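This report concerns only the one structure given below.
Chains as they are written, first to last, in the numbering used here: chain A, 343 to 455; chain B, 190 to 302.
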C-alpha cells in the first residue's frame with residue numbers, strides 16, 4: 343500500500359517570494375507522483391507529474407517539483423508566487439499501471455500582498 | 190474539448206434517503222474514477238470503472254455503489270444516507286485504464302441533514 347505525507351497543513355508567504363511545499367511518500371512498489379491544485383469550490387487540476395526519467399519536473403503556472411528516490415520525497419517549488427496561487431495543493435501517488443490515487447492531506451498556500 | 194462534467198453540482202438530502210450522482214467523462218475517455226473529499230478524511234478513492242466493469246474499489250461500505258454505461262458515463266449511488274456522507278464527490282476520467290493522467294470534474298457537493 344502507498345501513503346503520502348504533506349508535512350505542512352498551511353504555508354503563508356508574501357507575494358513574489360519563493361515557496362516550497364513538502365511531500366513524502368511511502369511505497370513498496372514503483373509509483374507515479376503527482377501534484378494537484380484545488381481552488382475554492384472547484385475540482386482538482388493537475389499541476390505536474392513524475393512518471394520516470396528526469397527527476398526535475400516542470401508543470402503549469404511556473405511550478406516545478408523534484409523527485410528524490412532516496413528520500414522518498416517530491417517537493418513542489420515556485421520561485422515567485424502570485425496572489426492567484428492561493429489554493430490548496432495535494433500531493434498524490436499511484437502504483438504504476440493502476441488508476442487509484444492516494445492523496446496527502448493537502449497544504450493550504452496563503453499568498454498575501 | 191469539453192471537460193469532465195458532474196451533475197448535479199449541489200444536493201441536499203436527509204438521513205435515510207438515497208442519492209445518485211452522475212459523471213460524464215471527457216469525450217473518448219473510457220476510465221472513470223470516483224473520490225470522496227471531506228474535511229476529516231481528506232480525499233479517498235471510492236471506485237474505478239473501465240469498459241463498464243468495476244476494476245478497483247476503495248474501503249467504503251456497500252451502501253456506496255456505482256456503474257458505468259456503454260458511452261462511458263458513470264453514476265454512483267449512495268443508499269441509506271448518513272450525516273457522515275456529506276462531502277464533495279469528485280469524478281475523474283482518463284483515456285484508458287492505468288493511464289497516469291486523470292482529469293477531474295468540479296464535483297458534486299452533497300449535504301445530508
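Built from N, CA and C at the ideal position, the CB exists for glycine as well.
Note that the structure is predicted; figures quoted are calculated from it, not measured.
Kindly indicate which three-state DSSP category residue i falls into: helix, strand or coil?
i: residue 402(A); result: helix
i: residue 215(B); result: coil
i: residue 231(B); result: strand
i: residue 426(A); result: helix
i: residue 272(B); result: helix
i: residue 391(A); result: strand
Which word fits residue i, buried or exposed, when buried means at least 16 other C-beta atoms lie within 10 angstroms of its C-beta?
i: residue 276(B); result: buried
i: residue 229(B); result: exposed
i: residue 434(A); result: buried
i: residue 300(B); result: exposed
i: residue 241(B); result: exposed
i: residue 271(B); result: exposed
i: residue 459(A); result: The shown model of chain A, from 343 to 455, leaves out residue 459(A), and the question about it has no answer.
i: residue 203(B); result: exposed
Beta-carbon separation of residue i and residue j under 7 Å?
i: residue 365(A); j: residue 416(A); result: yes
i: residue 444(A); j: residue 355(A); result: no
i: residue 205(B); j: residue 297(B); result: no
i: residue 166(B); j: residue 257(B); result: The requested residue 166(B) is not part of the displayed model; chain B covers only 190 to 302.
i: residue 260(B); j: residue 442(A); result: no
First and last residue of the beta strand (DSSP E) that includes residue i?
i: residue 255(B); result: 253-257
i: residue 348(A); result: That residue, residue 348(A), is in no beta strand (DSSP E); it is neither H nor E in DSSP.
i: residue 366(A); result: 366-368
i: residue 449(A); result: 449-454
i: residue 204(B); result: Careful: residue 204(B) lies outside any beta strand (DSSP E) and carries neither H nor E.
i: residue 318(A); result: Residue coverage of chain A in this structure runs from 343 to 455, which leaves residue 318(A) outside it and unanswerable.
**OP:** Decide if the region 355-369 of chain A is in contact with the region 408-426 of chain A; the criterion is three or more beta carbon pairs, one per stretch, under 8 Å apart.
**Re:** yes
Subject >> At least three beta-carbon pairs within less than 8 Å, the region 247-266 of chain B to the region 422-436 of chain A >> reply: no
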